[in-house]
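The next block holds one structure in the form of structure tokens; read it before the comments.
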Amino acid sequence: MEVTDIRPILAPAISFACTGLVFLMGRSTFWRRFWSLGAATAKLVVVMSMLPGTLKGTVYVFKLLDFTPGIGLGFRADALGMFFAVVSSTLWLITTIYAIGYMKPEHAKVRFFGFFALCVSTTIGIAFAENLLTLFLFYETLTICTYPLVIHEETPEAMKAGRKYLTYTLIGGAFVLLGSIVTYQMAGTLTLSKPGILSLSSGVGPLTWLFIALVAGFGVKAAIMPLHGWLPSAMVAPTPVSALLHAVAVVKAGAFGLLRVIYNVYGVELLKNLPVINWLAYLAAFTILAGSFIAIYQDNFKRRLAYSTVSQLSYIILGAALLTPYGATAAIAHIANQAFAKITMFFVAGSIQRTTGKTQIHELAGIGYRMPFTMAAYTVAALSFIGVPLFAGFVTKWYLSLGALQSGQWWFVLVMVASSLLNAAYWLPIIYLAWFKAPPGTRLELHEASPTLLLPTLLCAVYVILLGLTTQVPGLPFSLAQAAVKFVFGM
Amino acid sequence: MIVHLWQNIDYVASVVLFCIGLYCVITKNNLIKKFIGLNIMETSVFAFIVALGVVDGGDAPIMGAGARAPFTNPIPQALILTGIVVAVSTTALALSLVIRIYQHCGTIEADELREME
Amino acid sequence: MTPSSLLVGIIVVPLAGAVLTPVIGGKAGKHAWTWATTVMVATSVIAAALVNQVARTGPFSAYLGGWERPYGIELRFDEFSASVAVICLLGLLAIVFSQKYAAKELPPARLGTYYTLLLLNLTGMLGFVVTGDLFNLFVFMEILSLSGYALVAISGERTAEMAAFKYLVMGAVSSLLVLFAIGLLYALTGSLNMADISDRLTGSAEVPAMLALALLTTGFMVKAALFPLHVWLPDAHAIAPSPVSAILSGLVVKTGLLGMIRVYQIYYGAKVLDLSSLNTVLVWLGAISIVMGAFFAIFQEDIKMMLAYSTISNIGYIVMGLGLASQYGIIGATVHIFNHALIKATLFLGAGALIYQTGYRNLSDLRGVGRSMPFTTAAISVGAISIVGMPPTAGFLCKWYIALGAVQAGHPVFGVALVFGALFIFVYYIRMVNSFYFQAPIHPEILEVKEAPLTMLAPVLILAALCLAMGLLGRIPLSFIEPAVTRLLGTLGG
Numbered sequence: 005m006e007v008t009d010i011r012p013i014l015a016p017a018i019s020f021a022c023t024g025l026v027f028l029m030g031r032s033t034f035w036r037r038f039w040s041l042g043a044a045t046a047k048l049v050v051v052m053s054m055l056p057g058t059l060k061g062t063v064y065v066f067k068l069l070d071f072t073p074g075i076g077l078g079f080r081a082d083a084l085g086m087f088f089a090v091v092s093s094t095l096w097l098i099t100t101i102y103a104i105g106y107m108k109p110e111h112a113k114v115r116f117f118g119f120f121a122l123c124v125s126t127t128i129g130i131a132f133a134e135n136l137l138t139l140f141l142f143y144e145t146l147t148i149c150t151y152p153l154v155i156h157e158e159t160p161e162a163m164k165a166g167r168k169y170l171t172y173t174l175i176g177g178a179f180v181l182l183g184s185i186v187t188y189q190m191a192g193t194l195t196l197s198k199p200g201i202l203s204l205s206s207g208v209g210p211l212t213w214l215f216i217a218l219v220a221g222f223g224v225k226a227a228i229m230p231l232h233g234w235l236p237s238a239m240v241a242p243t244p245v246s247a248l249l250h251a252v253a254v255v256k257a258g259a260f261g262l263l264r265v266i267y268n269v270y271g272v273e274l275l276k277n278l279p280v281i282n283w284l285a286y287l288a289a290f291t292i293l294a295g296s297f298i299a300i301y302q303d304n305f306k307r308r309l310a311y312s313t314v315s316q317l318s319y320i321i322l323g324a325a326l327l328t329p330y331g332a333t334a335a336i337a338h339i340a341n342q343a344f345a346k347i348t349m350f351f352v353a354g355s356i357q358r359t360t361g362k363t364q365i366h367e368l369a370g371i372g373y374r375m376p377f378t379m380a381a382y383t384v385a386a387l388s389f390i391g392v393p394l395f396a397g398f399v400t401k402w403y404l405s406l407g408a409l410q411s412g413q414w415w416f417v418l419v420m421v422a423s424s425l426l427n428a429a430y431w432l433p434i435i436y437l438a439w440f441k442a443p444p445g446t447r448l449e450l451h452e453a454s455p456t457l458l459l460p461t462l463l464c465a466v467y468v469i470l471l472g473l474t475t476q477v478p479g480l481p482f483s484l485a486q487a488a489v490k491f492v493f494g495m
Numbered sequence: 032m033i034v035h036l037w038q039n040i041d042y043v044a045s046v047v048l049f050c051i052g053l054y055c056v057i058t059k060n061n062l063i064k065k066f067i068g069l070n071i072m073e074t075s076v077f078a079f080i081v082a083l084g085v086v087d088g089g090d091a092p093i094m095g096a097g098a099r100a101p102f103t104n105p106i107p108q109a110l111i112l113t114g115i116v117v118a119v120s121t122t123a124l125a126l127s128l129v130i131r132i133y134q135h136c137g138t139i140e141a142d143e144l145r146e147m148e
Numbered sequence: 109m110t111p112s113s114l115l116v117g118i119i120v121v122p123l124a125g126a127v128l129t130p131v132i133g134g135k136a137g138k139h140a141w142t143w144a145t146t147v148m149v150a151t152s153v154i155a156a157a158l159v160n161q162v163a164r165t166g167p168f169s170a171y172l173g174g175w176e177r178p179y180g181i182e183l184r185f186d187e188f189s190a191s192v193a194v195i196c197l198l199g200l201l202a203i204v205f206s207q208k209y210a211a212k213e214l215p216p217a218r219l220g221t222y223y224t225l226l227l228l229n230l231t232g233m234l235g236f237v238v239t240g241d242l243f244n245l246f247v248f249m250e251i252l253s254l255s256g257y258a259l260v261a262i263s264g265e266r267t268a269e270m271a272a273f274k275y276l277v278m279g280a281v282s283s284l285l286v287l288f289a290i291g292l293l294y295a296l297t298g299s300l301n302m303a304d305i306s307d308r309l310t311g312s313a314e315v316p317a318m319l320a321l322a323l324l325t326t327g328f329m330v331k332a333a334l335f336p337l338h339v340w341l342p343d344a345h346a347i348a349p350s351p352v353s354a355i356l357s358g359l360v361v362k363t364g365l366l367g368m369i370r371v372y373q374i375y376y377g378a379k380v381l382d383l384s385s386l387n388t389v390l391v392w393l394g395a396i397s398i399v400m401g402a403f404f405a406i407f408q409e410d411i412k413m414m415l416a417y418s419t420i421s422n423i424g425y426i427v428m429g430l431g432l433a434s435q436y437g438i439i440g441a442t443v444h445i446f447n448h449a450l451i452k453a454t455l456f457l458g459a460g461a462l463i464y465q466t467g468y469r470n471l472s473d474l475r476g477v478g479r480s481m482p483f484t485t486a487a488i489s490v491g492a493i494s495i496v497g498m499p500p501t502a503g504f505l506c507k508w509y510i511a512l513g514a515v516q517a518g519h520p521v522f523g524v525a526l527v528f529g530a531l532f533i534f535v536y537y538i539r540m541v542n543s544f545y546f547q548a549p550i551h552p553e554i555l556e557v558k559e560a561p562l563t564m565l566a567p568v569l570i571l572a573a574l575c576l577a578m579g580l581l582g583r584i585p586l587s588f589i590e591p592a593v594t595r596l597l598g599t600l601g602g
């Protein structure tokens with residue numbers, strides 16, 4: 005059931021207005037914080053208010069204007085979009101609190117918070133995009149407005165990372181644009197409201213090339229290997245930005261775009277006829293393993309996190325590429341599972357850096373005694389990544405394995421197992437270092453991070469546990485994922 | 032072929048003139064010579080268009096006593112009158128620019144001017 | 109007012125304004141600015157009435173002296189002529205912008221001349237787009253070219269005069285090519301009225317018709333500065349005073365393209381030649397233009413030089429769209445003529461404001477200016493995003509349409525060239541944005557500079573707002589031009 009409602013556009017509009025207000029009044033610390041937090045809260049409320057309806061199967065739509073004749077700038081809050089929106093607006097609020105604490109000693113805070121809000125606005129726009137053109141619009145805007153955040157430090161290293169980031173993502177954007185153009189020519193529409201708009205009559209060859217173009221386009225932001233190069237370099241950004249880039253906005257925008265391509269542009273039935281989808285699955289499996297291998301050798305905390313992100317994102321891709329309901333459930337649910345766990349880790353990395361100045365992993369010996377709460381949060385996230393039952397990551401791995409069996413490709417289960425082992429290999433040493441390896445001779449005092457840093461970290465850790473425990477509770481993200489899967493598979 | 036060209040000698044002449052002019056514009060180093068080339072081109076085009084209106088044995092298209100058909104076509108002549116006005120103003124502007132360049136640089140040779148930049 | 113008198117008015121009013129400027133402007137052109145602004149406001153009103161008329165009733169004509177086609181001179185206003193709106197808008201804004209700028213940058217004795225020439229230039233363009241007579245087209249082209257050469261040289265500096273001379277020689281040669289072609293067409297058809305020529309050209313000898321087409325295309329492409337005929341453009345556009353650069357880059361080069369559209373109208377209608385080989389050449393040259401323009405721009409330090417080279421890229425877009433000869437391609441190209449004018453004017457006027465306030469024109473010298481002139485640099489950034497074709501700005505829709513046109517015409521390769529060419533353009537605009545905002549200033553005093561005065565800031569901001577609005581409301585120009593393109597291609601299909 006479709007209902008015209010202003011809320012799908014209100015949500016991005018709130019963040020957008022927040023950007024304007026921050027730029028206008030942001031020189032005053034109070035107003036900057038007031039508008040950032042106020043808008044984050046307001047948006048969360050707006051998004052959450054749509055949740056009951058979405059769970060009942062209502063789809064909220066709002067058509068703003070005709071962008072070009074025939075293709076409108078439209079917004080549509082369906083289950084998949086809502087899932088992404090709920091995750092990103094929850095995390096925006098938490099990250100804003102964290103950022104306020106983290107950015108205290110930094111320069112150019114107006115610019116930072118302004119563009120921060122703009123990024124989230126565009127992310128919601130991507131989530132609620134009614135058609136591929138609207139999605140592309142927000143996708144490109146996201147690229148542009150993350151740039152000032154990546155180069156926030158304005159050091160030569162940051163500028164270089166910024167250039168690399170733009171090069172990768174803009175080339176990706178160009179592929180998305182080309183893909184959209186060809187899609188429009190083939191299908192005569194770009195809407196994302198159907199389970200698939202292309203048909204086999206366009207020919208397997210053109211459809212395959214189009215798929216490759218779209219996957220390459222969205223795959224850059226989703227950091228599928230070999231398109232992941234920008235992500236570790238972008239680590240020079242301040243930690244809240246890294247968190248935003250790696251957990252919420254940018255990488256998930258890419259993954260979400262891929263889900264839209266697979267489920268709403270091509271459709272599951274059509275893709276079953278295209279062998280290229282299997283290659284996407286193989287590529288995702290490769291990325292999962294290769295990303296983890298590289299992560300093991302990183303000593304810089306944030307770089308290890310970056311490569312872990314590369315690996316984790318491909319869970320989403322793999323789940324979607326399996327084309328089975330369980331796989332899809334895993335893919336969608338992992339958007340939230342990975343986001344909360346990864347953002348916890350980034351918050352931890354940032355808190356440690358702000359509190360003790362340490363950025364390398366080998367320096368972390370005994371940190372658990374100095375910052376016990378922070379490291380407890382880290383432990384929760386790490387266990388989730390390894391896939392220990394009762395934590396969020398387990399849910400993904402379970403459903404992903406079920407999905408692999410459902411599609412008859414059992415070897416992907418082995419990939420899951422291998423990935424768990426690799427995750428253990430690079431997360432557990434930190435736990436060991438932190439809790440069990442106090443450097444001899446130094447006195448360790450309790451020196452916890454400041455409350456604005458600690459609180460969001462703990463909150464995210466709690467979410468990770470909640471997501472792992474409450475898969476059967478209606479109203480939580482998991483039920484939303486299942487609603488989306490039902491639509492996609494026509495169940 | 033030759034006969035055909037000979038019959039249209041006026042057109043051939045204007046095309047040849049046009050090419051000579053273009054050659055001057057491209058190859059001459061002196062700005063004034065360049066511009067003389069441009070004037071040759073202009074003249075060739077004017078000649079071409081005026082020649083279009085000529086009618087063998089035609090009279091000047093002026094009505095009045097003693098006027099008798101056939102007349103030459105007056106429209107090309109009127110056009111070229113306008114064209115000449117345009118050409119004169121272009122020449123005036125170009126020459127004044129050349130004078131200014133000479134005052135500033137002391138030379139109007141294109142290669143020397145390029146070296147000064 | 110009847111449509112006919114409006115059509116005459118849009119030429120006569122600015123022409124009379126130009127002629128009267130030295131008289132009314134007074135000694136040293138004191139009142140010239142006020143007078144020129146008034147004239148342009150009046151002209152803009154007429155332009156608005158004309159566009160409104162064509163939107164309601166479709167194309168219409170006026171016959172001078174009551175002589176009907178083909179004997180008299182016809183003024184014809186179709187959807188393509190609606191570019192009078194953007195000519196008037198940019199002309200008005202550039203003149204408003206000139207108040208402080210010209211007073212500072214030009215010798216006082218030349219102020220009156222400056223406004224006279226600006227008005228003449230605009231008259232030439234307005235006449236060029238509304239005339240239905242081929243020879244009139246030539247005359248108006250000469251009016252706008254001659255005033256253009258003089259405007260480039262107006263500052264009286266050595267480099268300006270040399271750039272003007274280069275521009276003049278190229279321009280005069282191209283005009284002669286066009287005139288030659290007009291003569292040929294007259295010889296073939298015995299008419300100078302474009303619609304009439306199109307009718308009578310059917311079935312005439314192919315070789316002269318082809319020669320005329322080649323001459324017209326070359327001539328107009330020199331005016332449009334399509335690669336490799338662009339050599340005159342960078343110097344002339346970069347050295348001219350900024351409001352003049354805005355007009356030259358935004359409008360004057362476009363007359364070459366509008367002229368090309370007229371040529372298409374004649375030849376598509378006549379069906380005397382198969383234009384597909386010409387179109388292939390144009391599409392390739394367009395693609396090369398996009399890449400070469402962007403390539404040269406990367407090496408420029410001077411902000412205006414960079415903008416000048418990016419004009420060449422954008423002309424490449426438009427020529428490519430025209431050459432694709434598909435519905436979407438031509439619509440996109442035509443609307444880009446309009447949108448690029450807005451975008452480029454934003455950039456040139458913005459750059460002019462920066463130069464006026466800081467005295468620097470190199471990107472490295474301008475570092476940090478984003479902090480002291482936030483509004484101007486924000487407007488320039490909007491322009492930059494727009495010219496690269498990022499959504500939701502004016503540039504995006506055209507890119508979308510032209511690329512769609514490439515797919516529609518069965519040449520998706522050019523769509524790829526277009527989309528990736530645009531990325532290339534991004535490379536140098538990001539350098540500009542970086543130096544405004546993200547790099548430490550070389551000259552610390554740049555942080556003390558004040559924001560530009562209102563007469564300069566307002567035009568820049570209005571144009572930047574239009575760049576955004578034309579992206580969001582892009583359907584208005586797109587659907588406006590659609591019937592004309594359908595007619596044009598309809599004559600092609602039979």
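Protein chains in written order, with our numbering: chain A, 5 to 495; chain B, 32 to 148; chain C, 109 to 602.
Idealized CB from N, CA, C, for every residue including glycine.
Residues that DSSP places opposite A/Gln364 in a beta bridge: Residue pairing for A/Gln364: DSSP places it in a beta bridge opposite A/Asn304.
Element boundaries [beta strand (DSSP E), containing C/Tyr171]: C/Tyr171: member of the beta strand (DSSP E) spanning 168–171, first to last residue.
Three-state secondary structure assigned by DSSP to A/Phe79: For A/Phe79, the secondary structure class from DSSP, reduced to helix, strand or coil, is strand.
Extent of the continuous beta strand (DSSP E) run through C/Val521: Taken as a continuous stretch (DSSP letters only), C/Val521 belongs to no beta strand (DSSP E), being part of the alpha helix (DSSP H) at 520–541.
Enclosing beta strand (DSSP E) for A/Thr8 [first to last residue]: Element bounds for A/Thr8: 6–8.
Chain-ordered neighbours of C/Tyr257 on chain E, where CB pairs are closer than 9 Å: Included in the structure are the protein chains A, B and C, with no chain E among them.
Entirely enclosed alpha helix (DSSP H) segments - the segment 174–260 of chain C, minimum 4 residues: DSSP runs (the alpha helix (DSSP H)) wholly in the segment 174–260 of chain C: 192–213, 219–238, 242–260.
Inter-residue Cα distance where the pair is C/Gly602 and C/Leu319: Residue confidence is low: C/Gly602 scores 39 on pLDDT, short of 50, so the model does not pin down where it sits. Its coordinate-derived value is still stated next. Cα to Cα, the separation comes out at about 24 Å.
Own chain residues within Cβ distance below 8 Å of C/Val443, not counting five before or after: Answer for C/Val443: Leu505, Cys506, Tyr509, Gly582, Pro585, Leu586, Ile589, listed in chain order.
Runs of alpha helix (DSSP H) lying entirely within the segment 82–131 of chain A, each at least 4 residues, in chain order: Given a length threshold of 4 residues, each whole run of the alpha helix (DSSP H) inside the segment 82–131 of chain A is given here in chain order: 83–106.
Where C/Phe407 falls, given that 16 or more other Cβ within 10 Å makes a residue buried: With fewer than 16 Cβ atoms within 10 Å of its Cβ, C/Phe407 is classed as exposed.
Beta-carbon contacts of A/Val392 that lie in its chain and below 8 Å, excluding the five residues immediately before and after: Here the set comprises Phe398.
Residues from the segment 161–186 of chain C in contact with chain B, defined by Cβ distance under 8 Å: Listed in sequence order: no entries.
Given C/Val315 as reference, the closest of C/Asn301, C/Ala295, C/Leu334, C/Met329 once Cα atoms are compared: For the set C/Asn301, C/Ala295, C/Leu334, C/Met329, the Cα lying nearest the Cα of C/Val315 is the one of C/Ala295.
Proximity to A/Ala289 [Cα-Cα], best of A/Ile321, A/Ser203, A/Val272: Of the listed residues, the one whose Cα sits closest to A/Ala289 is A/Ile321.
Proximity test, C/Met578 beta-carbon vs the ligand MG heavy atom, cut-off 6 Å: With respect to the ligand MG, the structure shown offers nothing to examine, as it has no ligands at all.
Euclidean distance between Cα positions of A/Ala274 and A/Thr212: For the record, residue 274 of chain A in the displayed sequence is Leu; it is not Ala. About 11 Å.
Beta-carbon contacts of C/Ala157 that lie in its chain and below 6 Å, excluding the five residues immediately before and after: Within the same chain, C/Ala157 has close Cβ partners Leu114.
Minimum Cβ-Cβ distance from C/Ala320 to chain B less than 7 Å: Not closer than 7 Å to any Cβ of chain B, the Cβ of C/Ala320 fails to qualify, so no.
Closer than 7 Å to chain A by CB, C/Val127: Put simply, the CB of C/Val127 is far from chain A, with every gap to its CB atoms at 7 Å or more.
Three-state secondary structure assigned by DSSP to A/Phe351: Helix, per DSSP.
Proximity test, Cβ basis, 7 Å: B/His135 and chain C: Among the CB atoms of chain C, one or more fall inside 7 Å of the CB of B/His135.
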